[in-house]
Amino acid sequence: ISNLPMHARARLGLGYLAQEPSVFRKLSVADNILAMLETRAELPHHEQLGICDSLLLDFRLNHLRSNLAMSLSGGERRRLEIARALAMEPKFILLDEPFAGIDPISVKDIQNIIHELCSRGIGVLITDHNVRETLGICDKAYILYEGKVITEGEPDKVLADEQVRSVYLGSEFTM
4 ISNLPMHARA RLGLGYLAQE PSVFRKLSVA DNILAMLETR AELPHHEQLG ICDSLLLDFR
64 LNHLRSNLAM SLSGGERRRL EIARALAMEP KFILLDEPFA GIDPISVKDI QNIIHELCSR
124 GIGVLITDHN VRETLGICDK AYILYEGKVI TEGEPDKVLA DEQVRSVYLG SEFTM
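Here the sequence shown is numbered in the working numbering, starting from 4 and rising by one per residue.
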């Protein structure tokens with residue numbers, strides 16, 4: 004799939020949440036989700052509206068549905084971005100720095116959303132420098148250093164690895 008454009012990857016079931024904000028700032032929250040759903044030509048408009056309503060409720064955005072996306076907090080924006088990605092019904096979603104630029108309460112919200120995605124059978128791959136937040140929710144981790152995997156495994160194994168502590172975490176790091 005490396006040579007496929009993003010829209011073709013999405014149609015194959017691959018979702019992506021970019022590190023940088025990826026909402027349409029001058030559209031409402033609801034219109035941001037509907038913009039994604041409009042690319043699903045197989046869905047009648049009334050089904051698109053129903054899916055949009057469900058996503059707004061699932062991600063606690065319904066009270067913001069008419070607000071412009073530019074007015075959202077970092078955590079609200081992240082929830083909208085994930086809702087937009089889920090509008091495409093991905094089988095697998097890549098989350099690039101999902102905890103960047105959001106407050107601690109929103110971090111917990113995003114962690115809960117990630118758990119929910121997994122319970123729905125959606126595969127999740129996270130790239131993030133926020134070690135505590137990421138290792139606290141993942142089943143398996145890979146630590147890269149200078150472009151190479153230096154260890155992989157369950158979070159406890161990764162945290163105990165001397166090379167990881169030496170080059171990345173530091174000797175005093177604790178969860």
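Cβ atoms here follow ideal geometry from the backbone N, Cα and C, with glycine treated the same way.
Predicted, not measured: the structure shown is a model, and the values here were computed from it.
In this structure, Ala-88 sits away from Leu-40, with a CB-CB distance that is not shorter than 8 Å. Going by beta carbons, Val-134 and Leu-75 fall outside the 8 Å limit.
In summary, Arg-123 is exposed, with fewer than 16 beta-carbon neighbours lying within 10 Å of its beta-carbon over all protein chains present. Taking the Cα of Lys-143 as reference, the smallest distance to any Cα among Lys-160, Ile-96, His-48 and Leu-7 is reached at Lys-160. Secondary structure at Asp-99: strand, using DSSP grouped into helix, strand and coil. Listed as beta-bridge partners of Leu-20 by DSSP are Leu-98.
Contiguous alpha helix (DSSP H) elements confined to the stretch 54 to 98 occur at 77 to 89, taking only those with 4 or more residues. A check of alpha carbon separations from Glu-136 across Ile-116, Lys-111 and Ile-125 identifies Lys-111 as the nearest.
Judged by DSSP in its simplified three-state form, Leu-52 adopts helix.
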